[in-house]
Amino acid sequence: MKKVLVGISGGVDSSVSAMILKEQGYEVIGCTMKLFSNSNNTDSKEVCDKLNIEYRELDFKDKFKNDVINYFIDSYKNGETPNPCVMCNKKLKFGYLYEYAKENNIDYIATGHYAKIEYSDKYNRYILKKADNINKDQSYFLYNIDKNILGNIIFPLANFNSKEEIRELAKSKGLKPASKSDSQDICFIPDGNYKKFLINSREVRENIGNIVYNDKVIGKHNGLYNYTIGQRKGLGIAHENPLYVVGFNKNNNELIVGEEQDLYIKSFKVKDYNLLLIDEIKEPIKVMVKTRYKSMEYPATLTIENNLINVEFDTKQKGVTPGQSAVFYIDDIVLGGGIIV
312 MKKVLVGISG
322 GVDSSVSAMI
332 LKEQGYEVIG
342 CTMKLFSNSN
352 NTDSKEVCDK
362 LNIEYRELDF
372 KDKFKNDVIN
382 YFIDSYKNGE
392 TPNPCVMCNK
402 KLKFGYLYEY
412 AKENNIDYIA
422 TGHYAKIEYS
432 DKYNRYILKK
442 ADNINKDQSY
452 FLYNIDKNIL
462 GNIIFPLANF
472 NSKEEIRELA
482 KSKGLKPASK
492 SDSQDICFIP
502 DGNYKKFLIN
512 SREVRENIGN
522 IVYNDKVIGK
532 HNGLYNYTIG
542 QRKGLGIAHE
552 NPLYVVGFNK
562 NNNELIVGEE
572 QDLYIKSFKV
582 KDYNLLLIDE
592 IKEPIKVMVK
602 TRYKSMEYPA
612 TLTIENNLIN
622 VEFDTKQKGV
632 TPGQSAVFYI
642 DDIVLGGGII
652 V
């Protein structure tokens, strides 16, 4: 009997994932990552007891702080807008958790993510694809997984078309999380106030600087971390036309603003990229690009330049934000992605 380690959060998605895998005949081990000193994993333990599966708790507090929280803080210090879920997936869920499974002779790891992994004869490898439920698809957050472990990952919810199906399954088995609402906030900032979190971290200071428009100083900002590309409200400046944040000059501590048309760009670069579908980019590749989780996809061409991926849109687009992830798709397959420079 094959063993599978299931990441159990106490929510309905991971709970039903464990239930499905047990019904499919796997030896299921439920596992919770302890990320905070005050973590309460009672729900996760109750789910495992209800399903009559083994429960384990792994202390990843230090790893989470070093690899996710510090990354989040450093990104804002560098004038970027980070996506901590992408880093958590790479480092913890499909990094340390996978290593633990391998060390303990467990064949697979599984989570409640909405995405697909299957073997492709065309590409001669395991590939990551969008889930059937496009509205819930989370492949955007998963592009950074090591391609060599895709064959050891299971996403049991890949083929479900609605969240209601998941809840009904949980309800039918008497699982407590059936009625729990989806989590929306950054897990380590439950009140959603990331600005207060950054200040309380003592790593980020309210460093007042100039707001610059067309090379002229038109106001003052109270710390670059308070702003993101495309922001219009809360700038505290008056102008005949609406002004938006279009960039940062970190060296001079300047917030660069412009009009809406200044938000549209034809190309941008990506660092720290991870390729899943291919091993390298040898020639220009046509893809669809998503630059935020909830954004639309747009056609573009990828090339390599100085160990960075250059992304050239077919037509100018806005909403490209340094620190966020750009994820590349060919049809419903994830080619790869990286961090926007």
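Numbering of the sequence shown is given in our numbering, commencing with residue 312 and proceeding in unit increments.
From the three backbone atoms N, C-alpha and C, an ideal C-beta is built for every residue, glycine too.
Bear in mind the structure is a predicted one, so any value in this text is a computation, not a measurement.
#1: Just mark Tyr434 as buried or exposed, buried being the case when its beta carbon has 16 or more other beta carbons within 10 Å.
#2: Answer yes if the segment 502 to 515 comes into contact with the segment 535 to 550, meaning at least three C-beta pairs across the two stretches below 8 angstroms, and no otherwise.
#3: If you draw a straight line from the C-alpha of Tyr609 to the C-alpha of Gly485, how long is it?
#4: Would DSSP call Met607 helix, strand or coil?
#5: Count the C-beta pairs between the segment 334 to 350 and the segment 441 to 456 that are closer than 8 angstroms, then say yes if the count reaches three, no if not.
#6: Please list, in chain order, all residues of the same chain as Asp496 whose beta carbon is under 8 angstroms from its beta carbon, the five residues on each side excluded.
#7: Express the C-alpha separation of Gly634 and Tyr555 in angstroms, rounding to a whole number.
#8: Report the three-state DSSP secondary structure of Asn444 (helix, strand or coil).
#9: Closest to Leu461 by CA distance: which of Leu587, Ile364 and Gly423 is it?
#10: Please classify Gln449 as buried or exposed, where buried requires at least 16 other C-beta atoms within 10 Å of its C-beta.
#11: Locate the beta strand (DSSP E) running through Tyr382, then write down its first and last residues.
#12: If you drop the 5 nearest sequence neighbours on each side, which residues of the same chain put their C-beta closer than 6 angstroms to that of Pro473?
#13: Under 7 angstroms between the Cβ atoms of Ile567 and Gly558?
#14: According to DSSP, simplified to helix, strand and coil, what is Asp583?
#15: Restricting to Cα atoms, I'd like to know which of Asp573, Met398 and Asp378 is closest to Asn552.
#16: Below 6 angstroms CB to CB, which residues in the same chain sit around Ile456 once its five sequence neighbours on both sides are set aside?
#17: Between the Cα of Thr626 and the Cα atoms of Val600, Ile641 and Lys593, which residue gives the shortest distance?
#18: Count the other CB atoms, across all protein chains shown, that sit within 10 Å of the CB of Ile519; report buried if there are 16 or more and exposed otherwise.
#19: Would Ala421 and Ile364 qualify as a contact pair, given that the criterion is a beta-carbon distance under 7 angstroms?
#20: Cα-Cα, which of Lys427, Pro467 and Asp432 is closest to Leu453?
#21: I think Thr612 touches Ala637, with their Cβ atoms under 8 angstroms apart; what is that distance to the nearest whole Å?
#22: Determine whether the beta carbon atoms of Val327 and Ile477 lie at a separation below 7 angstroms.
#23: Note down the Cα distance separating His550 from Phe579, rounded to an integer number of angstroms.
#24: Since Leu468 and Asp324 are thought to touch, with beta carbons under 8 angstroms apart, how far apart are those beta carbons, to the nearest angstrom?
#25: Please classify Thr392: does DSSP put it in a helix, a strand, or coil?
Based on what the coordinates show:
#1: exposed
#2: yes
#3: 43 angstroms
#4: coil
#5: No, they do not touch.
#6: Asp502 and Gly503
#7: 18 angstroms
#8: coil
#9: Leu587
#10: buried
#11: Counting along the chain, Tyr382 falls outside any beta strand (DSSP E), though it belongs to the alpha helix (DSSP H) covering Asn381 to Lys388.
#12: Note that residue 473 corresponds to Ser in the displayed sequence, not to Pro. Closer than 6 angstroms at Cβ, skipping near neighbours: no residue.
#13: Contact annotation: Ile567 and Gly558 have beta-carbon atoms nearer than 7 angstroms.
#14: strand
#15: Selected option, being the one with the closest Cα: Asp573.
#16: Phe405
#17: Val600
#18: Of the other Cβ atoms in all chains shown, fewer than 16 fall within 10 Å of the Cβ of Ile519; this residue is therefore exposed.
#19: no
#20: Lys427
#21: About 13 angstroms; that fails the 8 angstroms criterion.
#22: Yes. Within cutoff.
#23: 28 angstroms
#24: 6 angstroms
#25: coil
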